[in-house]
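Numbering (my numbering), first residue to last: 1202 to 1362.
We put the beta carbon where it would ideally sit given N, CA and C, even for glycine.
Fair warning: this is a prediction, and the values are worked out from it, not measured in the lab.
To keep things clear, I will list the structure first and then write my remarks on it.
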Ligand code: PNS
């Protein structure tokens, strides 16, 4: 059986921590789909298309990782791909409550779907997309927090403002 995992997230923007999790998952699963959650009620910092495109650039060195987007319930997307595993990154303890709740809701909705957590490298423990957005919009140096292709898209977004 081919082991396929879905790695969902907002990825707004993708960070070095996200890439670290994707790389770890790629070593344990036969195939990983990084799935950008599209929520039409929110107005994201990077467009859905920008997030998908720059993630594709970020994971192009990983032959068993692809990028897609989804809307609606995560478990419906997971089932549509005939997957059984959801990958999430876990940073400091602050993440736990939210991640626990999400994993339990998803299990309630689809008992066959298992959530698997990966811990990022220690140096990415503080890193969140919202920190990157704040540093970038306030003119700070964000380039060391995100993969190169993401930095390019953020620069473009900031220039447009
Ligand atoms: O990177 P994020 O913002 O923590 O990702 C959250 C995401 C997109 C994985 C989560 O909001 C999600 O799964 N949304 C789809 C809607 C859904 O399935 N909700 C029920 C589970 S909480």
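Inter-residue spacing [alpha-carbon to alpha-carbon] between residue i and residue j
{"i": "residue 1296", "j": "residue 1316", "result": "14 Å"}
{"i": "residue 1252", "j": "residue 1309", "result": "29 Å"}
{"i": "residue 1327", "j": "residue 1228", "result": "24 Å"}
{"i": "residue 1239", "j": "residue 1355", "result": "18 Å"}
{"i": "residue 1322", "j": "residue 1292", "result": "9 Å"}
{"i": "residue 1342", "j": "residue 1361", "result": "18 Å"}
Heavy atom of ligand 2 within 6 Å of residue i beta-carbon
{"i": "residue 1244", "result": "You won't find ligand 2 in this model; what it holds is ligand 1."}
Helix, strand or coil at residue i [DSSP, three-state]
{"i": "residue 1350", "result": "helix"}
{"i": "residue 1202", "result": "coil"}
Cβ pair residue i, residue j closer than 7 Å
{"i": "residue 1237", "j": "residue 1212", "result": "yes"}
{"i": "residue 1220", "j": "residue 1259", "result": "yes"}
{"i": "residue 1331", "j": "residue 1216", "result": "no"}
Near ligand 1: residue i beta-carbon under 6 Å from a heavy atom
{"i": "residue 1340", "result": "no"}
- Message: Any residue with its C-beta under 6 Å from a non-hydrogen atom of ligand 1 counts. Can you list them all in chain order?
- Response: 1209, 1210, 1211, 1238, 1274, 1275, 1303, 1306 and 1307
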